[in-house]
Amino acid sequence: AQSVTQPDIHITVSEGASLELRCNYSYGATPYLFWYVQSPGQGLQLLLKYFSGDTLVQGIKGFEAEFKRSQSSFNLRKPSVHWSDAAEYFCAVGEASGTYKYIFGTGTRLKVLA
Amino acid sequence: EAGVAQSPRYKIIEKRQSVAFWCNPISGHATLYWYQQILGQGPKLLIQFQNNGVVDDSQLPKDRFSAERLKGVDSTLKIQPAKLEDSAVYLCASSLDRVSSEFFGPGTRLTVL
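So the protein lines, in turn, are chains A and B.
Position 48 of the first sequence, counted from 1, bears residue number 48 in my numbering, the numbering being contiguous throughout.
Numbers given in my numbering equal positions in the second sequence, counted from 1, plus 1000.
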């Protein structure tokens, strides 16, 4: 069965430092992959998505992610973190066979130190 | 463009009571989703509609949960009777079709006492 793993429950970085959030998936075919951000009291906002093509995907707010099929990973990166990036980040995989649905990871909570 | 609207934003009920949530998707979006997000977990899909038909309700506890989307636009999710473990945020999302990105509403936070 398909699944999504986000190994890091919490991550703390200093403002201006680089960031990488890990996401590993288990899926038989080429998945559709997504990263969402959820700020306190807010709904989920799509940061970026990968369907096919270039494996390095650019998203909003300066985020990017790289799809690595050999490692079954879709890690999220940002070269310089801002205090406003503090939030919870969810990786999700879309199942495109039969009924199309999303499976979310358990999330990584990012704390940014001033 | 207006986003996905949900109401109420917060609801507190006692166990065994009933509750209903409402969702108005983005205009023109054919696909509508209801998710349950328990504290500390990622969202879990409860039900997916394509227009007014159910595409997937495999994770919906059908003995107590029901959902409808009668005219293919607005949707309601009902819990009857509620249990303590139903305390969660219920998220509604919509997308143009089954392969497009989802847009999420702000959610309804349910507390069952």
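Even for Gly, the Cβ is constructed at its ideal location relative to N, Cα and C.
According to the DSSP assignment, A/ASN75 belongs to the beta strand (DSSP E) that extends over 73 to 78. Against B/GLY1072, chain A offers no close residue; the least beta-carbon distance is about 17 Å (beta-carbon pairs closer than 9 Å). Annotation: Cβ neighbours of B/LEU1091 in chain A (cutoff 9 Å, chain order): GLY43 and LEU44. The DSSP-derived three-state label of A/SER26 is strand. For B/LYS1062, there is no enclosing beta strand (DSSP E), since its DSSP letter is neither H nor E.
Look at B/GLU1102: its C-beta is under 8 Å from a C-beta on chain A.
As DSSP reads the structure, B/ARG1109 sits in a beta bridge with B/TYR1010 and B/VAL1089. Neighbours of B/GLN1041 in chain A, taken as residues whose beta carbon is under 9 Å from its own, are PHE104, THR106 and GLY107 in chain order. A/PHE90 belongs to the set of residues whose beta carbon lies under 8 Å from a beta carbon in chain B. B/LEU1032 is not a Cβ neighbour of B/ARG1009, given a cutoff of 8 Å. DSSP, reduced to helix, strand and coil, places B/SER1100 outside both helices and strands of the structure shown, so it counts as coil.
A direct Cα-Cα distance of roughly 4 Å separates A/THR106 from B/GLY1042.
A check of alpha carbon separations from B/ALA1020 across B/ALA1093, B/ALA1067, B/SER1094 and B/LEU1113 identifies B/ALA1067 as the nearest.
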